[in-house]
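Trainee: Got a structure for you, written out below as structure tokens; questions coming shortly.
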Amino acid sequence: MTAPVYLLVFALAFISDKGYAQLKCYSCEGGPLTGCAKVSQLGITEDCVGKNAQCYEAYIDYQNGVMPMIQRRCWTTSANSDATDFCKSFNNPNGKLRECRTCKRDNCNTDIYYPPRRG
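Going by mature numbering (1 follows the signal peptide of the UniProt record, and there is no 0), the letters in the sequence shown line up with residues -21 to -1, 1 to 98, in that order.
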């Protein structure tokens, strides 16, 4: 291929994803004793493309802690928002973040969440 053809291919690739970086993130959800929490069943990934694209992993207590949930997913900023971080912008009246981490490398959302000790 000639240089102009390489340039055209690069330009088309750049236009097609609006210039945003693309990541792959693990995607799962479950309680603190599930394979998602223990990182033993992380086979499913999702493409993460968009403004401020990042993978996240969060331990969220829903319904005043009655329903603890681990989430691993992709997050991007909505078009009308200037938020840059999932953890800092989390806003759910039914949930409270117990732990949260974001990262910007392929499949980087792999921390293990152990269930809290009762005592």
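In this text, a Cβ means the ideal position worked out from N, Cα and C, and glycines have one as well.
Leaving aside the five residues before and after residue 1 along the sequence, list all residues of the same chain whose C-beta is less than 8 Å from its C-beta, in chain order.
Mentor: 26, 27, 28 and 32
Trainee: Note the first and the last residue of the continuous alpha helix (DSSP H) segment covering residue 16.
Mentor: 14 to 17
Trainee: From the DSSP output, in three-state form, read off residue 80 for me.
Mentor: strand
Trainee: Please list the terminal residues of the continuous beta strand (DSSP E) segment that includes residue 53.
Mentor: 46 to 54
Trainee: Grab the span of the alpha helix (DSSP H) containing residue 87 for me, first residue to last.
Mentor: Per DSSP, residue 87 belongs to no alpha helix (DSSP H) and is neither H nor E.
Trainee: My understanding is that residue 80 touches residue 64, with C-beta atoms under 8 Å, so please give their C-beta distance in whole angstroms.
Mentor: Actually they do not touch by this definition, with Cβ atoms about 10 Å apart.
Trainee: Specify the secondary structure class of residue 75 as computed by DSSP and reduced to three states.
Mentor: strand
Trainee: For the beta strand (DSSP E) containing residue 3, list its first residue and its last residue.
Mentor: 1 to 5
Trainee: Rounded to a whole number of angstroms, what is the C-alpha to C-alpha distance between residue 15 and residue 67?
Mentor: 22 Å
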